[in-house]
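Have a look at this one:
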């Protein structure tokens, strides 16, 4: 082959690589969309530290879904049934539909963890969730809500709420909400450890049945979310 033909060939190869580069970059940057679900009377801004770290580590704004759900002024009014479900269900559905990988990761805090679990379960999309992280969730119930059907005067503690042995909690017990499930918990959680008791049936209430791992910190209920952003990010890798 002549030098001239060789040079032309190299130029064509170089041009081809240049044209393909954006597509190669897109493929390399394909990461799961993330759904962040705040707790009872909370807001998407509760996840600000997590959001900032995601943006700093290659996630675009369009890849982060943070639905706002529930009555922000009445904690006792919110449960896991009805209008509270819609924003979370829509966020999960949209995140899956727009995901370049076809999968998503979900992080929920407090009641947002159990609400996210319910929507994943109802939608039947656990196989589309690569990582499910429940932070300070009450997967086994809150002693402050009593034991169903006793001492459950509010929606939050009712049949679709967080009373121990509620029909809602029994309905999701033992189910999977992702390929990998991780709980983040504390033994000094002022919400989940009513009068210092964190366990239900010998298990920490924030533990998820069948979880793959659990991280424990000496933090309060909200600090578990705000101060663990780095570990949340690492769990998604």
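In the numbering used here, the protein residues as written are 617 to 853.
Here a beta-carbon is modelled for each residue, glycine too, at the ideal position from N, C-alpha and C.
- When C-beta atoms of the segment 735-747 are compared with those of the segment 773-785, fewer than three pairs fall below 8 angstroms, so the two segments do not count as touching.
- Under the DSSP assignment, residue 784 falls in the alpha helix (DSSP H) whose first and last residues are 783-788.
- The three-state secondary structure of residue 741, taken from DSSP, is coil.
- A direct Cα-Cα distance of roughly 8 angstroms separates residue 840 from residue 834.
- In the structure shown, residue 768 falls within a coil segment according to DSSP collapsed to helix, strand and coil.
- In the structure shown, residue 824 falls within a coil segment according to DSSP collapsed to helix, strand and coil.
- Residue pairing by DSSP places residue 650 opposite 680, 721 in a beta bridge.
- DSSP places residue 657 outside both helix and strand once states are collapsed to three, so it counts as coil.
- Per the C-alpha coordinates, the member of 826, 765, 774 positioned closest to residue 693 is 774.
- Across the structure, residue 752 and residue 654 are spaced so that their CA atoms are roughly 11 angstroms apart.
- Going by C-alpha positions, residue 758 is about 11 angstroms away from residue 820.
- At a Cβ-Cβ threshold of 8 angstroms, residue 817 and residue 756 count as neighbours.
- By the neighbour-count criterion, in which a residue is buried when 16 or more other Cβ atoms sit within 10 angstroms of its Cβ, residue 686 is buried.
- Judged by DSSP secondary structure, residue 803 falls outside any alpha helix (DSSP H); it is assigned neither H nor E.
- Distance from the CA atom of residue 705 to the CA atom of residue 699, rounded to whole angstroms, is 10 angstroms.
- Residue 703 and residue 683 have their C-alpha atoms spaced approximately 6 angstroms apart.
- Take residue 681, set aside five residues on each side of it, and the residues of its chain with a beta-carbon closer than 6 angstroms to its own are 651, 707, 711, in chain order.
- Judged by their CB atoms, residue 826 and residue 787 are not nearer to each other than the 8 angstroms cut-off.
- Apart from the 5 residues on each side of it in sequence, residue 659 sits with its Cβ closer than 8 angstroms to the Cβ of 684, 688 in its chain, given in chain order.
- Its chain contains 747, 828 as the residues whose beta carbon lies nearer than 6 angstroms to that of residue 796, once the 5 sequence neighbours on both sides are disregarded; these appear in chain order.
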